[in-house]
Structure formats: C-alpha cells, structure tokens
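Beneath this line is the structure, given in structure tokens, with notes to follow.
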C-alpha cells in the first residue's frame with residue numbers, strides 16, 4: 011500500500027485515470043465510503059518485482075513469491091517487514107505474476123527490454 015506521511019493514500023476507483031502514482035493502482039475497499047473509495051496499491055508489475063522477504067529462522071506461514079522467473083515457496087512471519095510479493099498459494103502467485111501478459115510487463119519493467 012502506498013503511504014504518504016505514514017497514512018495510506020486514498021483514491022477514487024471510479025475516476026480514470028486514477029490519481030495514484032506510477033506503479034500503483036486504485037483498489038476499491040469495502041469499508042471506505044464516499045468519493046475516495048479506495049487506496050493506492052502496487053500494480054502487478056511492481057508487486058511481482060518487489061523483494062521476497064523470507065524469514066527462515068522465525069517464519070511460520072508458508073507463502074509464495076515471484077523471483078523473476080518462477081513462483082517459489084518461502085516462510086513468512088507477519089510480524090516482520092514484508093512486501094506485496096506475498097501470495098497464499100502457488101496458483102495465486104502464478105496467476106498474478108505469470109498469467110496472461112503480466113510476465114512480459116515484468117520483464118520489461120526489470121530489464122527495460124521489450125519482448
């Protein structure tokens with residue numbers, strides 16, 4: 011989630027283009043009412059290029075993250091720093107980071123080359 015001065019940046023999911031910074035998109039929230047009905051969250055390319063925060067010593071939840079080539083399993087401790095590159099299942103990770111045309115966007119984002 012994108013934060014400014016420690017607070018989540020709110021946005022309108024109905025306004026196109028949204029007001030979130032590059033690399034972020036407006037995701038509608040269920041508990042936010044009014045014109046600003048969402049928060050700025052990393053988009054697919056940004057999410058899938060975030061580092062994987064593996065906590066092998068004290069991680070107790072199995073999670074999946076995209077390492078630039080494939081989805082790998084890691085141990086996560088929700089009480090420690092993390093990133094958006096954190097999925098509950100391999101299928102969710104693969105669908106989000108490898109599925110459709112996302113993989114080309116990720117490679118372009120990481121290397122600045124076009125496929």
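In the numbering used here, the protein residues as written are 11 to 125.
For every residue, glycine included, the Cβ atom is placed at its ideal position computed from N, Cα and C.
- When 24, 66 and 91 are compared, the shortest CA-CA separation from residue 46 is found for 24.
- Annotation: the segment 43-67 contains the following complete segments of the alpha helix (DSSP H) (minimum length 4 residues), in chain order: 54-59.
- Within a 10 Å sphere around the beta-carbon of residue 14 sit fewer than 16 other beta-carbons, which makes this residue exposed.
- With respect to the 7 Å criterion, residue 64 and residue 87 are not classified as neighbours on the basis of their beta carbons.
- Annotated three-state conformation of residue 21 is strand, per DSSP.
- Here residue 19 has 12 and 50 as same chain residues with Cβ atoms under 6 Å from its own Cβ, once five neighbours each way along the sequence are excluded.
- Taken through DSSP and simplified to helix, strand or coil, residue 104 comes out as helix.
- Residue pairing from DSSP places residue 75 in a beta bridge opposite 82.
- In the DSSP assignment, residue 34 falls within the unbroken beta strand (DSSP E) covering 34-38.
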